[in-house]
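Please read the structure below before turning to the comments.
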Amino acid sequence: MTFGAKTSGSDDLKAIISAISTLVEEATFVATAEGITFRGMDPSHVALIDISWPNSAFEKYECDSDVKFGVRIDEFSKLIKRADKKDSIEISISEKNMLLVTVGKNKKYKIRLIESSATDTPLPKIPYNSKITLSSSKFDKILGDVQVVSDYLTIHTSDSKADFSGKGDSGEVVIDLEKNTDEIEEILSTEDSIGTYSLEYLNPVVKAVGTRAGLITCEFSSAKPLRIEFKVANIGRIHFYLAPRVES
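Right, dumping it as structure tokens:
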């Protein structure tokens, strides 16, 4: 079995590992001839992240047979953080069940692979009634504005606008975004939809990936999971699913 992957810089891998670390402590990656994938769910089964990193995104990529490899995210993250922005990062697997990580030209690490207990997680199959596309920086700012007064973000869409709101003991906030303005790329809604989602899960993953994403797309239906697609040129596809808050 031969597997090796080399990035041209460190930012993309840092973003991926940072996003994964918001949900799980251990991660199992699957490498095939087409690229590297990861899918994982947090222990509470509230959030799920699905990542597909195509071979074309790497400076060098080789995988002659499918392979799974598990790592402790905190250990892997410590190594990746030692890379400067322009440093390449190369990973491969040794015969002694170790992950070899080369950072830049002269830093060579080895970390022990783990047997992950993770099971295959199916993706939610949900018909979405509403879709919003906006810049990642705008969405990050909205989350920050709402978090001032609330731990939850409520999204409400109609055919012409999207409202982002939050309400807590100290007050409330509503941010209106109209269709066909500079603040939003697209609003599509087949019916009015409303959903409330935890900022405890949303904020970390948006901050982790958002720096690498130009646009994000949010899809949801009333009282259904939110799906966010991060459009990152050098990473490929990142989907984040978050269960809605259920009022008791």
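Under this note's numbering, read the sequence shown as residues -5 to 242, first letter to last. From the three backbone atoms N, C-alpha and C, an ideal C-beta is built for every residue, glycine too. None of these values were measured; they are calculated from a predicted model.
Span separating the alpha-carbon of Ser2 from that of Lys161: 44 Å
Beta-carbon proximity list for His39, same chain, < 8 Å, skipping 5 on both sides: Ala237
Secondary structure of Val142, DSSP reduced to three states: coil
Stretch-stretch touch, CB-based, cutoff 8 Å, three pairs: the region 140 to 147 with the region 91 to 103: no
Boundaries (first-last residue) of the alpha helix (DSSP H) holding Val65: No alpha helix (DSSP H) contains Val65, which is instead part of the beta strand (DSSP E) from Val61 to Arg66.
Same chain, Cβ closer than 6 Å to Ser12, neighbours up to 5 away in sequence not counted: Only Ala202 meet the Cβ criterion.
Arg151 and Ser192 closer than 9 Å at C-beta: Before going further, note that residue 151 is Thr rather than Arg in the sequence given. Going by C-beta atoms, Thr151 is not nearer than 9 Å to Ser192.
Euclidean distance between Cα positions of Tyr103 and Gly64: Approximately 16 Å between the Cα atoms of the pair.
Proximity to Gly189 [Cα-Cα], best of Ala227, Tyr122, Asp163 and Leu171: Tyr122
Given 8 Å, three or more beta-carbon pairs between the region 65 to 73 and the region 39 to 51: no
Extent of the continuous alpha helix (DSSP H) to which Ile108 belongs: No alpha helix (DSSP H) contains Ile108, which DSSP labels as neither H nor E.
Residue closest to Leu171, alpha-carbon to alpha-carbon, out of Asp153, Glu185, Gly165 and Cys57: Asp153
Asp114, DSSP secondary structure in three states: coil
Check whether Glu213 and Ile126 have beta carbons under 9 Å apart: yes
DSSP state of Ser129 mapped onto helix, strand, coil: strand
Separation of Phe224 from Val199, as counted between CA atoms: 10 Å
Tyr195 - containing alpha helix (DSSP H), residue span: Run containing Tyr195: Leu193 to Gly204, per the alpha helix (DSSP H) assignment.
Ala21 (DSSP reduced to helix, strand or coil): strand
First through last residue of the beta strand (DSSP E) which encompasses Ile43: Ala41 to Pro48
Proximal residues to Asn197 (C-beta, below 6 Å), its chain only, five neighbours per side dropped: Leu137
Where Lys54 sits in the DSSP three-state scheme: Reduced to three states, the DSSP call for Lys54 is strand.
Of the listed residues Tyr235, Arg206 and Asp58, nearest to Ser215 (C-alpha basis): Tyr235
Residue(s) in a DSSP beta bridge with Ser154: Paired residue(s): none; Ser154 is not in a bridge.
Same chain, Cβ closer than 8 Å to Glu56, neighbours up to 5 away in sequence not counted: Thr(-4), Phe(-3), Gly(-2) and Ala(-1)
Outcome for Pro116 when other beta-carbon atoms lying within 10 angstroms are tallied against a minimum of 16: exposed
Separation of Val18 from Gly165, as counted between CA atoms: 33 Å
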